[in-house]
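My numbering numbers the first residue of the sequence shown as -9 and each following residue consecutively.
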Amino acid sequence: GASLDFTHEEREALLRLPRRSYIVSHDEKKRLLVGLFDILFGYAYDVRTTLNDPTCESAWTVCKLSSTLSWLDTCDSVAHAIASSIRRALVYPLYRNWELSCRVVADVGRIVALGRVQVLKALMRVRNLLSGSSSRYILNNIVVDDYCCWLQSLTEGSAAKKLSSLAGHL
-9 GASLDFTHEE
1 REALLRLPRR
11 SYIVSHDEKK
21 RLLVGLFDIL
31 FGYAYDVRTT
41 LNDPTCESAW
51 TVCKLSSTLS
61 WLDTCDSVAH
71 AIASSIRRAL
81 VYPLYRNWEL
91 SCRVVADVGR
101 IVALGRVQVL
111 KALMRVRNLL
121 SGSSSRYILN
131 NIVVDDYCCW
141 LQSLTEGSAA
151 KKLSSLAGHL
């Protein structure tokens, strides 16, 4: 099982992120949560198919399966994001399987159900994958860092409420 505490390296990386505050409307919060699912789907697919041992193709896989990272698009609803993610998983990667895709959706549900720390740990791993890519590192500045800062800025109760809302749709 995964640890529910941050490692020293993860704490250091989180401390190096810029301190930002976000004014987010209700509709934007919904889009943020849908985008979060989208990113976590790509991450969970890679973890499941590599047995949590990232390869040189892991950054490509995560970005290709996430429309948020692939072309900065977000879906309107969790149902649409699930359909889009599964569709992408059946088209792009090496392992194209319906059952695998459904299990990845369940994996995302488990990550989200474990709470903010586990979601942040997953995002930090995505961040590390993208940092090692010569063409995808910029996505950290555009997308992933803001997600990490936003999640950290939420109170524990607010984060739990938002994540349980997302988990309820999975």
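Positions of the beta carbon are idealized from the N, C-alpha and C atoms, including for glycine. These figures come from a predicted structure and were not determined experimentally.
Check	Outcome
Validate contact between the region 5 to 12 and the region 71 to 90 using beta carbons, cut 8 Å, 3 pairs	no
Coil, strand or helix - Ser56 by DSSP	coil
CA-to-CA distance, Asn118 to Leu144, given in whole angstroms	23 Å
Residues of its chain near Asn130, where Cβ-Cβ distance is below 8 Å and the 5 sequence neighbours each way are ignored	Arg117, Leu120 and Ser121
Bounding residues of the alpha helix (DSSP H) (the contiguous stretch that carries Asp0)	Just to set this straight, residue 0 is Glu in the shown sequence, not Asp. His(-2) to Arg6 is the extent of the alpha helix (DSSP H) around Glu0.
Limits of the unbroken alpha helix (DSSP H) element including Gly105	That residue, Gly105, is in no alpha helix (DSSP H); it is neither H nor E in DSSP.
Rounded C-alpha distance that separates Thr51 from Ala69	21 Å
At least three beta-carbon pairs within less than 8 Å, the region 134 to 142 to the region 89 to 103	no
Inter-residue CB distance, Leu153 and Gly99 (contact presumed, cutoff 8 Å)	The pair is not a contact, with the Cβ atoms about 11 Å apart (cut-off 8 Å).
Pairwise C-alpha distance: Ile128 and Leu62	12 Å
Neighbour-count burial assignment, Val81, 16 or more Cβ in a 10 Å radius	exposed
Residues near Ile72 in its chain [Cβ-Cβ closer than 7 Å; skip 5 each side]	Val95
Span of the alpha helix (DSSP H), counted from its first residue to its last, around His167	Any answer about residue 167 is impossible in this case: the structure gives the chain only from -9 up to 160.
Close beta carbons around Ala150, own chain, < 8 Å, minus the five adjacent residues each side	Gly105 and Arg106
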